[in-house]
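Novice:
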Amino acid sequence: MSDNKYSNRAAEPVGAFPHAKRVGDFLFLSGIGPRVRGSKEIPGVTFDAAGNIVDHDITAQTHAVFENIRLVLEDAGASWNEIVDVQVFLTDMKRDFKTFNDIYPEYFAGDGKPNPTRTTVEVGALPTPIAVELKVIAYLGKN
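With the numbering used here, the residue at position 41 of the sequence shown is 60, and numbering never jumps.
#1: Take S49 as the anchor and find which of K154, L159 and G129 has the nearest alpha-carbon.
#2: Residue range of the alpha helix (DSSP H) that D130 falls in?
#3: What three-state label does DSSP hand T139 in the structure shown?
#4: Specify, as a first and last residue, the run of the beta strand (DSSP E) that T65 falls within.
#5: For the region 39-85, which segments carrying the beta strand (DSSP E) assignment without a break, of at least 3 residues, lie completely within its bounds, in sequence order?
#6: Could you pull the DSSP bridge partners for N23 from this structure?
#7: In the structure shown, what three-state DSSP assignment does L153 receive?
#8: Using a threshold of 7 Å, state whether the C-beta atoms of N87 and I122 are closer than that.
#9: What residues in its chain sit with their C-beta under 8 Å from that of D94, if we drop five residues either side in the sequence?
#10: Cα-Cα, which of G70, D111, T147 and V84 is closest to V105?
#11: For G64, which option in F108, A150, V107 and R114 has the closest C-alpha, if you only look at C-alpha atoms?
#12: When you compare the region 125-144 with the region 67-80, are there three or more beta-carbon pairs, one atom per stretch, that lie closer than 8 Å?
#13: When the Cα atoms are used, what is the spatial distance from R89 to G70?
#14: What number of angstroms, rounded off, separates the C-alpha of P91 from the C-alpha of E31?
#15: Based on Cα-Cα distance, which residue from F47, E152 and R56 lies nearest to V103?
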C-alpha cells in the first residue's frame, strides 16, 4: 500500500507527481529542486535581458534545495534524521561539485546528523533553469 504526500510549503512539483510517496516504512521523495513556492523564482539564477541563463549560484541553490527537502519531509511526517539515501544531480560537475561537497556536511554526517549513502551525477539539464536537484529516501521504521 502506498500513500502520496504533498507539501503546502515546499516548491510545487513541476509535473503531475507527488512530492513524496510512502511505501511501507520508506518515504521516497521525487526530485526536489531549489525553486520557490508560488513563484517562478529560482534562488541564485541570473538571466540576461532576453531571459537566457547567464550564471547560477550553486551555494544559494544548494541551501534552497535542502530547505525544500526539509519541508517535504516534515509535511510527510518524517524528519531529516530519517534520510538514508541521497541522489544528487548537478548540471556542471566540474564547476559545482566542490562547492556542493563543502556545503553538504552542514546538513549531513556529524553532530547527530544522518550519514546517508549518496550518489552524485552530472546531467545535461534539469526541468527548469536549476543547477542542482536531489532525490531522497527516508526510512520511517523503528530500529
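By construction, the Cβ of each residue, glycine as well, lies at the ideal position given by its N, Cα and C atoms.
Specialist: On the basis of the supplied data:
#1: K154
#2: Looking at the DSSP string, D130 is not in any alpha helix (DSSP H), and its letter there is neither H nor E.
#3: strand
#4: Start and end: V64 to F66.
#5: 39-42, 45-48, 64-66 and 72-75
#6: K40
#7: strand
#8: no
#9: K24, Y25, S26, N27, R28, A29 and H38
#10: V84
#11: Gly is not the amino acid found at residue 64; the sequence shown has Val there. The shortest Cα separation from V64 among F108, A150, V107 and R114 belongs to A150.
#12: no
#13: Cα to Cα, R89 sits roughly 30 Å from G70.
#14: It should be pointed out that residue 91 corresponds to Val in this sequence rather than to Pro. If you take the alpha carbons of V91 and E31, they lie about 10 Å apart.
#15: F47
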